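Single-structure report; data block below.
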Amino acid sequence: METKSRKTKTLQLVICALCAAIIAVSAQVVVPLPTQVPITLHTFGVALCAAVFGSMTGTVSTAVYVLLGAVGLPVFAGMRGGFEVITGPTGGFLYGFIIMAFFCGMQMKNLPLRIAVSVGGLAVCYLCGAVQYALLMQIDMLKSIVLVVLPFVVKDVLSVVAAQYMAIPIRKAVAKIAG
């Protein structure tokens with residue numbers, strides 16, 4: 364009995380590490396913008412990992428990714444790392460991804476509801492990012508939303524929807540492999 368529990372824990376650790384790596388790689392697809400908030404595939408990476416492995420694994424994996432970057436590993440967009448990134452203009456989006464992962468990982472049977480909840484998680488991520496950006500750049504919230512949310516909405520909503528659809532066959536494949 365103890366061996367099976369140890370194998371399960373080892374598998375969970377491996378999955379979390381794999382998801383953190385997927386998010387780190389997705390962060391390196393970067394299109395710079397003058398606002399300092401680049402277009403990346405972060406949103407897709409976070410949403411896909413959470414949608415495939417669930418809220419807890421998705422949330423923990425995303426938190427591991429953020430912590431790795433916070434201690435200086437170059438996992439953030441543009442191969443950046445360090446606490447100054449988290450406390451900088453884009454930092455709110457990074458910890459917002461942790462919250463978003465929780466919502467994207469909710470395993471409801473109803474796909475439209477799952478997508479709606481995931482988009483709600485994306486909205487929370489946007490709020491975290493826009494608030495921190497507004498505070499640090501000393502601009503009002505509306506201007507922050509126009510600068511660092513609106514340019515991303517279509518791409519990010521499509522990313523979340525695509526992740527939820529792609530998660531269906533991936534979850535089935537993972538279940539087969541896990542036996």
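Each residue of the sequence shown is one higher than the last, beginning at 364 in the working numbering.
The beta carbon of each residue, even a glycine, is placed where N, CA and C say it ideally should be.
Note that the coordinates shown come from a computational prediction; the quantities given were computed from them, not determined experimentally.
For residue i, which residues of its own chain have a beta-carbon under 7 angstroms away from its beta-carbon, when the five flanking residues on both sides are left out?
| i | result |
| --- | --- |
| A387 | Y428 and V438 |
| R443 | P437 |
| S418 | F465, G468 and M469 |
| C307 | Lying outside 364 to 542, the shown extent of the chain, residue 307 is not represented and no answer is given. |
DSSP three-state label for residue i, please.
| i | result |
| --- | --- |
| V394 | strand |
| I402 | strand |
| T371 | helix |
| G451 | coil |
| M529 | helix |
| G417 | coil |
| M500 | helix |
| A536 | helix |
| M364 | At M364, the pLDDT of 48 sits below 50, so the modelled position is not reliable and the matter cannot be decided from this model. |
| G408 | helix |
How many Å lie between residue i and residue j at the Cα?
| i | j | result |
| --- | --- | --- |
| M364 | T371 | Because the pLDDT at M364 is just 48, under 50, the model does not fix this residue reliably, and the point stays unresolved. |
| G454 | C491 | 9 angstroms |
| L376 | P532 | 22 angstroms |
| Q501 | R534 | 44 angstroms |
| K506 | I540 | 48 angstroms |
| F515 | F460 | 14 angstroms |
| V494 | S368 | 42 angstroms |
| A526 | N473 | 15 angstroms |
| T398 | P452 | 9 angstroms |
| A410 | V512 | 17 angstroms |
Cutting at 8 angstroms between CB atoms, please list the residues of its own chain near residue i, excluding the five before and the five after it.
| i | result |
| --- | --- |
| I449 | V429, G432, A433, L457 and Y458 |
| K518 | I402 and T406 |
| L499 | G451 and P452 |
| L396 | I402 and P514 |
Quick check on the burial criterion: 16 or more other C-beta atoms within 10 angstroms. Buried or exposed for residue i?
| i | result |
| --- | --- |
| A538 | exposed |
| G484 | buried |
| Y496 | buried |
| V423 | buried |
| R356 | With the chain covering only 364 through 542, there is no way to say anything about residue 356. |
| Q470 | exposed |
| T425 | buried |
| F446 | exposed |
| M504 | exposed |
Could you name the residues of the same chain whose beta carbon sits closer than 6 angstroms to that of residue i, not counting the 5 residues immediately before and after it, in chain order?
| i | result |
| --- | --- |
| A440 | A390, V393, P401 and T403 |
| C382 | C412 and S424 |
What are the residues that DSSP puts in a beta bridge with residue i?
| i | result |
| --- | --- |
| R443 | F439 |
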